[in-house]
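Participant: Protein sequence lines, in the order shown, are assigned to chains A and B. Quick note on numbering: numbering that gives the first Met the number 0 labels position 129 of the first sequence as 128, and the sequence is numbered without any gaps. Quick note on numbering: numbering that gives the first Met the number 0 labels position 33 of the second sequence as 32, and the sequence is numbered without any gaps.
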Amino acid sequence: MNIKLKKILLVDDSEFFLKMMGRTFENNGFECWFASSAAEALLFLDKNPPPDIILSDYEMPEINGIEFRRLLIDNNKLKDIPFVFLTSATDNELMIEGLDLQAIDYVVKDTPVKVVISKINNILNTIDKQRQLTEQEIKKAAQSLNFKSIPVQSPNINGFKIDFWHRAFDDVPGGDFIDFIQVNSRFNFVVLGDVMGKKWSAWFFTFGFLSYVRSAIRFAVLNGEYSVASILQKVNSVICFDNMLKDIMSSLSLLLLDSETGQVTYAGAGDLPLLHYQATNQQITRIKSTGILLGLFESGNYNEQKISLQPHDKLFIFTDGMIDYVGEGGKKSDFDSFETDIKPYMEAGEEFEAIKTKLFMANPASQADDQSIISIYKN
Amino acid sequence: MISIHKENNSTLLLHLNLKEANLENADEFKADLITLIDGHKKNIALDMHQVEYIDSSFLGALVASLKYAISLKLDIALVGLRKDIKDLFELIRLDKVFKIHASFDDLPAN
Numbered sequence: 000m001n002i003k004l005k006k007i008l009l010v011d012d013s014e015f016f017l018k019m020m021g022r023t024f025e026n027n028g029f030e031c032w033f034a035s036s037a038a039e040a041l042l043f044l045d046k047n048p049p050p051d052i053i054l055s056d057y058e059m060p061e062i063n064g065i066e067f068r069r070l071l072i073d074n075n076k077l078k079d080i081p082f083v084f085l086t087s088a089t090d091n092e093l094m095i096e097g098l099d100l101q102a103i104d105y106v107v108k109d110t111p112v113k114v115v116i117s118k119i120n121n122i123l124n125t126i127d128k129q130r131q132l133t134e135q136e137i138k139k140a141a142q143s144l145n146f147k148s149i150p151v152q153s154p155n156i157n158g159f160k161i162d163f164w165h166r167a168f169d170d171v172p173g174g175d176f177i178d179f180i181q182v183n184s185r186f187n188f189v190v191l192g193d194v195m196g197k198k199w200s201a202w203f204f205t206f207g208f209l210s211y212v213r214s215a216i217r218f219a220v221l222n223g224e225y226s227v228a229s230i231l232q233k234v235n236s237v238i239c240f241d242n243m244l245k246d247i248m249s250s251l252s253l254l255l256l257d258s259e260t261g262q263v264t265y266a267g268a269g270d271l272p273l274l275h276y277q278a279t280n281q282q283i284t285r286i287k288s289t290g291i292l293l294g295l296f297e298s299g300n301y302n303e304q305k306i307s308l309q310p311h312d313k314l315f316i317f318t319d320g321m322i323d324y325v326g327e328g329g330k331k332s333d334f335d336s337f338e339t340d341i342k343p344y345m346e347a348g349e350e351f352e353a354i355k356t357k358l359f360m361a362n363p364a365s366q367a368d369d370q371s372i373i374s375i376y377k378n
Numbered sequence: 000m001i002s003i004h005k006e007n008n009s010t011l012l013l014h015l016n017l018k019e020a021n022l023e024n025a026d027e028f029k030a031d032l033i034t035l036i037d038g039h040k041k042n043i044a045l046d047m048h049q050v051e052y053i054d055s056s057f058l059g060a061l062v063a064s065l066k067y068a069i070s071l072k073l074d075i076a077l078v079g080l081r082k083d084i085k086d087l088f089e090l091i092r093l094d095k096v097f098k099i100h101a102s103f104d105d106l107p108a109n
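1. In three-state terms, what does DSSP make of I91(B)?
2. To the nearest angstrom, report how far apart L256(A) and G28(A) are at their CA atoms.
3. Figure out for me which residue from E338(A), F351(A), F334(A), F359(A) has the closest Cα to the Cα of K82(B).
4. Kindly identify the DSSP beta-bridge partner or partners of N242(A).
5. Among M248(A), Q181(A), K331(A), L244(A), whose alpha-carbon lies nearest the alpha-carbon of R217(A)?
6. Within 8 Å (strictly less), CB to CB, does S56(B) reach chain A?
7. Just the Cα atoms here: how many angstroms apart are A123(B) and G329(A)?
8. How big is the Cα-Cα spacing for V220(A) and F176(A)?
9. Would you mind telling me which residues of chain A sit closer than 9 Å to K95(B), beta carbon to beta carbon, in chain order?
10. With a 10 Å radius around its C-beta and 16 neighbouring C-beta atoms as the bar for buried, classify E346(A) as buried or exposed.
11. Residues of the segment 221-253 of chain A with a CB closer than 8 Å to any CB of chain B: list them in chain order, please.
12. Please confirm whether any heavy atom of the ligand FAD lies closer than 7 Å to the CB of D178(A).
13. Looking at the strands, I want to know which residues DSSP matches up with A268(A).
14. What residues match up with F146(A) in a beta bridge as DSSP calls it?
15. Would the segment 256-267 of chain A and the segment 201-208 of chain A be scored as touching if the rule is three or more Cβ pairs under 8 Å?
16. If you count every other CB in all the chains shown that lies within 10 Å of the CB of D169(A), and 16 or more means buried, which is it?
17. For a contact defined as C-beta to C-beta under 9 Å, what are the partners of S332(A) on chain B?
18. Using the C-alpha atoms, what's the distance from S236(A) back to F97(B)?
19. Report yes if the C-beta distance between F189(A) and F179(A) is below 8 Å; otherwise report no.
20. Who are the Cβ neighbours of P172(A) in its own chain at under 6 Å, not counting the five residues just before and after it?
21. Any beta carbon of chain B sitting closer than 8 Å to that of P50(A)?
22. I need the straight-line Cα distance from F146(A) to R213(A), nearest angstrom please.
23. Listing by chain order, which chain A residues have their CB less than 8 Å from the CB of A68(B)?
24. 8 Å is my cut-off, CB to CB: does A63(B) come that close to chain A?
25. Is the CB of P172(A) under 8 Å away from at least one CB in chain B?
26. Are the segment 77-88 of chain A and the segment 41-57 of chain A touching, with three or more C-beta to C-beta distances below 8 Å?
27. For the putative contact between Q277(A) and Q309(A), defined by C-beta atoms under 8 Å, what is the C-beta separation to the nearest angstrom?
28. Check each residue of the segment 169-193 of chain A: if its Cβ is closer than 9 Å to any Cβ of chain B, include it; give the result in chain order.
29. Might you give, ordered along the chain, the residues of its own chain that have their beta carbon closer than 8 Å to the beta carbon of I62(A), omitting 5 neighbours on each side?
30. Can you tell which of H48(B), T34(B), L12(B), K95(B) has the C-alpha that lies nearest to the C-alpha of N42(B)?
31. Tell me the start and end of each unbroken alpha helix (DSSP H) in the segment 146-231 of chain A that is at least 4 residues and wholly inside, in chain order.
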């Protein structure tokens with residue numbers, strides 16, 4: 000398992016003190032960032048991801064610790080970073096003033112550094128436990144709603160073998176959604192969507208999108224209509240009128256599988272191209288659609304295309320989390336690399352389960368977003 | 000996060016000072032951009048050459064801001080996208096949604 004270093008921002012005008020504290024913290028599993036003034040700390044916080052905790056001196060020239068804390072509280076992005084005061088003063092009034100500013104604790108500078116580290120570790124552990132409890136509560140509430148944005152198992156569809164894999168970012172349900180809708184023994188719809196955003200806030204909106212998609216499919220089928228582009232257009236029109244979803248966009252790949260003819264019909268909305276592996280010549284082709292994200296404009300320019308899958312061909316439909324890579328130079332999205340990485344598994348005729356273990360699940364540390372992929376194999 | 004480069008008759012030229020545009024900064028970005036749109040009532044040209052990675056939360060914020068601008072009959076153009084990001088925009092057809100230019104110099108004259 001990837002062990003994340005705890006990140007601490009140390010703020011003190013004494014360079015000697017910063018070095019001394021930094022060395023000890025680093026020897027105890029922390030990644031340290033340093034600032035020699037409140038102004039420098041604010042500049043740092045503006046340009047970098049937030050640390051897990053800030054340990055700041057009280058007595059500093061220009062902006063002192065109390066003023067620094069006030070500035071953080073006034074900033075929505077920074078106010079929730081746990082904050083601990085460090086000072087040589089033992090003035091009770093000062094301590095009370097600091098604690099009134101929602102500082103979590105107060106450490107006197109004479110305290111042995113090892114004790115300071117234990118204290119900081121205890122604070123971080125308590126915060127983490129609290130976060131886990133809250134998450135468990137939300138998960139329980141979500142389960143009681145009995146809404147699943149990801150199915151429990153793959154469907155059995157005549158003439159095709161369907162597999163899928165999904166991994167939520169940070170183990171919290173997010174904006175990806177998958178559905179398999181059986182109309183009758185001949186027709187099945189495959190749905191893959193990605194509500195823009197992450198974690199719970201995106202997950203909540205998957206309800207809305209998935210409900211509209213399911214309804215549009217059912218109404219279309221009732222009218223004897225089997226056009227995936229026309230279904231996408233209808234979903235888009237309704238979403239554009241829905242005020243609750245006005246700032247929320249989603250991609251969607253919609254496919255119709257015809258078990259009688261073996262034909263697959265596809266329309267996409269702001270989704271990534273599909274990858275079609277042709278067994279006869281061992282080549283992968285990209286299948287691109289023209290449609291734009293759901294909810295953006297009333298006319299989404301949705302087109303529809305027929306994909307002829309030959310026996311042993313495979314079709315992959317996936318969300319953008321699958322093409323995110325975290326390397327030494329930071330994160331990047333790289334469709335070409337994903338295509339290159341998956342190709343040898345196709346050529347070797349590997350089953351989906353094997354590709355899942357060897358490729359998709361191989362490096363969880365590089366995950367940057369929800370990841371979902373559906374494979375359609377023509378028997 | 001956003002700094003003003005220049006303002007001309009019809010367009011406000013902005014720099015996005017982020018290396019990683021993600022969930023952590025998406026809401027603040029959207030709020031700041033909408034404040035700028037409201038305050039200046041001009042088209043926006045957003046220079047993103049510093050951005051090396053953009054996640055779907057930030058794309059959502061960008062697209063929601065565009066929707067807001069369009070509701071005021073304004074537009075948002077993106078400038079200086081790095082190759083991987085431009086490729087991603089093309090893959091998901093956001094190049095059909097945003098006008099994309101290599102630099103501020105390539106913006107149409109106002």
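Where is the CB? At the ideal position from N, CA and C, for every residue including glycine. This structure is a prediction, so every number in the text was calculated from the model and none was measured.
Facilitator: The answer reads as follows:
1. What you label residue 91(B) is simply residue 92 of the second sequence in a count that begins at 1. Correct three-state label for I91(B): coil.
2. Residue numbering aside, residue 256(A) sits at position 257 when the first sequence is read from its first letter. Residue numbering aside, residue 28(A) sits at position 29 when the first sequence is read from its first letter. Cα to Cα, the separation comes out at about 53 Å.
3. In the second sequence, the residue the question calls residue 82(B) occupies position 83. Checked all of E338(A), F351(A), F334(A), F359(A); the closest Cα to K82(B) is F334(A).
4. Against the first sequence, residue 242(A) aligns to sequence position 243. Answer by DSSP bridge pairing: none, since N242(A) is not bridged.
5. For the purposes of this step, residue 217(A) is taken as the residue at position 218 of the first sequence. It is Q181(A) whose Cα lies nearest to the Cα of R217(A).
6. Reading the second sequence from its first residue, position 57 is the one you call residue 56(B). For S56(B), the answer is yes, since a Cβ of chain A falls inside 8 Å of its Cβ.
7. Outside the modelled stretch of chain B, which goes from 0 to 109, sits residue 123(B), for which no answer is possible.
8. For the purposes of this step, residue 220(A) is taken as residue 221 along the first sequence, with counting starting at 1. For the purposes of this step, residue 176(A) is taken as residue 177 along the first sequence, with counting starting at 1. Cα to Cα, the separation comes out at about 21 Å.
9. Sequence index remark: in the second sequence, residue 95(B) carries index 96 (1-based). In chain order: T289, I291, N300.
10. Taking the first sequence and counting its residues from 1, one reaches residue 346(A) at position 347. With fewer than 16 other Cβ atoms within 10 Å, it is exposed.
11. K245, D246, I247, M248, S250
12. Looking for the ligand FAD in the displayed structure turns up nothing, as the structure carries no ligands at all.
13. For this step, residue 268(A) is matched to residue 269 along the first sequence. A268(A) pairs with L251(A), G290(A).
14. Translated into the one-based positions of the first sequence, residue 146(A) becomes position 147. According to DSSP, which records beta bridges pairwise, F146(A) is partnered with nothing at all.
15. no
16. Translated into the one-based positions of the first sequence, residue 169(A) becomes position 170. Looking at its Cβ environment, which holds fewer than 16 other Cβ atoms inside 10 Å, D169(A) is exposed.
17. By one-based count along the first sequence, residue 332(A) stands at place 333. S332(A) reaches chain B at Y52, I53, D54, D83, I84, D86, L87, L90, counting residues in chain order whose Cβ is nearer than 9 Å.
18. In the second sequence, residue 97(B) corresponds to position 98, counting from 1. In the first sequence, residue 236(A) corresponds to position 237, counting from 1. Going from the Cα of F97(B) to the Cα of S236(A) covers about 20 Å.
19. To locate residue 189(A), count along the first sequence from 1; it is residue 190. To locate residue 179(A), count along the first sequence from 1; it is residue 180. The sequence shown places Val at residue 189(A), rather than the Phe named in the question. In contact: V189(A) and F179(A) (Cβ atoms closer than 8 Å).
20. Numbered from 1 along the first sequence, position 173 holds the residue referred to as residue 172(A). So the list reads W202, once near-sequence residues are dropped.
21. Numbered from 1 along the first sequence, position 51 holds the residue referred to as residue 50(A). With 8 Å as the cut-off, P50(A) does not count as an interface residue toward chain B.
22. Reading the first sequence from its first residue, position 147 is the one you call residue 146(A). Reading the first sequence from its first residue, position 214 is the one you call residue 213(A). Their Cα atoms are separated by approximately 13 Å.
23. Numbered from 1 along the second sequence, position 69 holds the residue referred to as residue 68(B). Taking a Cβ-Cβ cut-off of 8 Å, A68(B) has no neighbours in chain A, whose nearest Cβ is about 13 Å from it.
24. Numbered from 1 along the second sequence, position 64 holds the residue referred to as residue 63(B). At least one chain A Cβ lies under 8 Å of A63(B).
25. As a working mapping, residue 172(A) is identified with position 173 in the first sequence. No, its Cβ sits nowhere closer than 8 Å to a Cβ of chain B.
26. yes
27. In the first sequence, the residue the question calls residue 277(A) occupies position 278. In the first sequence, the residue the question calls residue 309(A) occupies position 310. With a Cβ gap of about 7 Å, Q277(A) and Q309(A) count as contacting.
28. G174, D193
29. Within the first sequence, residue 62(A) is the residue found at index 63, counting from 1. The answer, listed in chain order, is S36, A37, A38, L70.
30. Working through the second sequence from its first residue, we reach residue 42(B) at position 43. Looking at the Cα atoms, L12(B) is the closest of the given residues.
31. 198-221
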